[in-house]
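J.:
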Amino acid sequence: MTELAAAPPRSCSQRSRRLLVTTIVLLPFAARAPGQVPFARQRERMLDVIDAMMRATGEQTGRTQLSARVRDAMARVPRHRFVPSAQQEFAYADRPLPIGEGQTISQPFIVALMTELLDSGPADRVLEVGTGSGYQAAVLAECVAQVFTVEIVRSLGERATALLSELGYRNVQVRVGDGYLGWPEAAPFDRIVVTAAPDHVPHPLIEQLKPGGRMVLPVGPDQDQELLVISKQSDGRTVTENKLPVRFVPLTRERKAG
Ligand code: SAH
Numbered sequence: 038m039t040e041l042a043a044a045p046p047r048s049c050s051q052r053s054r055r056l057l058v059t060t061i062v063l064l065p066f067a068a069r070a071p072g073q074v075p076f077a078r079q080r081e082r083m084l085d086v087i088d089a090m091m092r093a094t095g096e097q098t099g100r101t102q103l104s105a106r107v108r109d110a111m112a113r114v115p116r117h118r119f120v121p122s123a124q125q126e127f128a129y130a131d132r133p134l135p136i137g138e139g140q141t142i143s144q145p146f147i148v149a150l151m152t153e154l155l156d157s158g159p160a161d162r163v164l165e166v167g168t169g170s171g172y173q174a175a176v177l178a179e180c181v182a183q184v185f186t187v188e189i190v191r192s193l194g195e196r197a198t199a200l201l202s203e204l205g206y207r208n209v210q211v212r213v214g215d216g217y218l219g220w221p222e223a224a225p226f227d228r229i230v231v232t233a234a235p236d237h238v239p240h241p242l243i244e245q246l247k248p249g250g251r252m253v254l255p256v257g258p259d260q261d262q263e264l265l266v267i268s269k270q271s272d273g274r275t276v277t278e279n280k281l282p283v284r285f286v287p288l289t290r291e292r293k294a295g
């Protein structure tokens, strides 16, 4: 998936190396070999990068910094647990990573920005479309009362369910299915976030959004997606704001039998 300003792998690994060197210079007495920088410390550095990205894009997004709630959530979720072990050393780099089945975990800045743009409250019930690794769901679970997340690829949905449960996220429910259709039985939702790009705003999701609710989603073809914030007013009408060019994997539809 993604996304804005995703650094190519080479510059990322150079950046990680620079990060390790800086860390070693700053902590001359900490006997840690490169690669053993604690994940909590890598997470702090990830947050510094997100802060800088928020400032750099603030004019377009209308948000120059993360709220404390979202920032704390990003600081708590162990992102390295949501990536394949071969990718763990890059888990806190600000870029998307492959998670199998041709899918990706989003760049941390985009996860933080989408969570921020949702303007969720602690009592909210939130629908996510595109569970993937479960990382965005975990960040949401730190912020709101209940998360419902739908994944179309069964193996990813099952893996995310097991991991979220192992990490103790009791307020997340995962379903395998076509998230274009939302989750009618659990609707309406205070907030909806879509992490794969449809070519139009799915009507069922608008229907399942509460009046006063907000939805954040990428919309558009592969090379030309925009991150939208859709607010549903009390009379049911919607207002759409266009925030940022982004790059997500496409939202796919369930294959019909035959
Ligand atoms: N939020 C994820 C990133 C997901 S990448 C994370 O934090 O890791 C987008 C995901 O959307 C992929 O896993 C893809 O399989 C899924 N997806 C694509 N089309 C879908 C659909 N119609 N319904 C549900 N999930 C879908």
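Counting in the working numbering, the sequence shown runs from 38 upward without gaps. The beta-carbon is built from N, C-alpha and C at its ideal position, and this holds for glycine as well.
For ligand 1, any of its heavy atoms closer than 7 Å to the Cβ of residue 193?
T.: Yes, the Cβ of residue 193 comes within 7 Å of a heavy atom of ligand 1.
J.: Would a C-beta distance cut-off of 8 Å place residue 274 and residue 200 closer than the cut-off?
T.: Against a cut-off of 8 Å, the Cβ pair of residue 200 and residue 274 comes out as no contact.
J.: Going along the chain, which unbroken runs of the alpha helix (DSSP H) with 4 or more residues stay wholly within the region 118-203?
T.: The region 118-203 contains these whole alpha helix (DSSP H) runs: 145-155, 172-180, 191-203.
J.: What number of angstroms, rounded off, separates the C-alpha of residue 80 from the C-alpha of residue 148?
T.: Roughly 14 Å separates the two Cα atoms.
J.: Taking the straight line between their C-alpha atoms, what separation do you get for residue 291 and residue 75?
T.: Distance between the alpha carbons of residue 291 and residue 75 is about 41 Å.
J.: Verify whether the separation of the beta carbon atoms of residue 107 and residue 153 is less than 8 Å.
T.: Yes, the Cβ-Cβ distance between residue 107 and residue 153 is below 8 Å.
J.: Could you tell me whether the Cβ atoms of residue 232 and residue 278 are closer together than 8 Å?
T.: Not in contact: residue 232 and residue 278 (Cβ atoms no closer than 8 Å).
J.: Which class does residue 226 belong to by DSSP, given the choice of helix, strand or coil?
T.: Reduced to three states, the DSSP call for residue 226 is strand.
J.: How about the region 182-191 and the region 210-217: do they share at least three Cβ pairs that are nearer than 8 Å?
T.: A contact exists between the region 182-191 and the region 210-217.
J.: Any heavy atom of ligand 1 closer than 7 Å to the CB of residue 140?
T.: Within the cutoff, so yes.
J.: Return the CA-CA distance between residue 251 and residue 202, expressed in angstroms with no decimal places.
T.: When rounded, the distance between both Cα atoms is 27 Å.
J.: Taking only three categories from DSSP, how would you classify residue 245?
T.: DSSP places residue 245 in coil when its eight states are reduced to three.
J.: Counting C-beta neighbours from all protein chains within 10 Å, is the total for residue 284 16 or more, i.e. buried, or is it exposed?
T.: With 16 or more other Cβ atoms within 10 Å, it is buried.
J.: Give me the Cα-Cα distance between residue 253 and residue 123, rounded to the nearest whole angstrom.
T.: Going by the C-alpha atoms only, they are around 31 Å apart.
J.: Less than 7 Å separating the Cβ of residue 168 from some heavy atom of ligand 1?
T.: Residue 168 Cβ: within cutoff of ligand 1.
J.: When burial is assigned at 16 or more other CB atoms within 10 Å of the CB, is residue 211 buried or exposed?
T.: When all chains shown are included, residue 211 counts as buried.
J.: Would you kindly work out how many angstroms separate the C-alpha atoms of residue 264 and residue 155, rounded to a whole number?
T.: Cα to Cα, the separation comes out at about 12 Å.
J.: Under 8 Å, do residue 145 and residue 87 count as touching if we go by C-beta distance?
T.: For residue 145 and residue 87, yes; Cβs fall inside 8 Å.
J.: Got a sec? Which residues, its chain only, sit under 8 Å from residue 245 by beta carbon, not counting five neighbours each side?
T.: 164, 219, 220, 221, 224, 225, 226, 229, listed in sequence order.
J.: Just verifying my parser: in three-state terms, what is the DSSP assignment at residue 56?
T.: A caution first: residue 56 carries a pLDDT of 45, below 50, which makes its placement in the model too unreliable to give a value.
J.: Just to confirm, are residue 174 and residue 197 a CB contact at a threshold of 8 Å?
T.: A contact, by the Cβ cut-off of 8 Å.
J.: Between 84, 240, 130, 258, which lies nearest to residue 103 when the distance is taken from Cα to Cα?
T.: Residue 103 has its Cα closest to that of 84, out of 84, 240, 130, 258.
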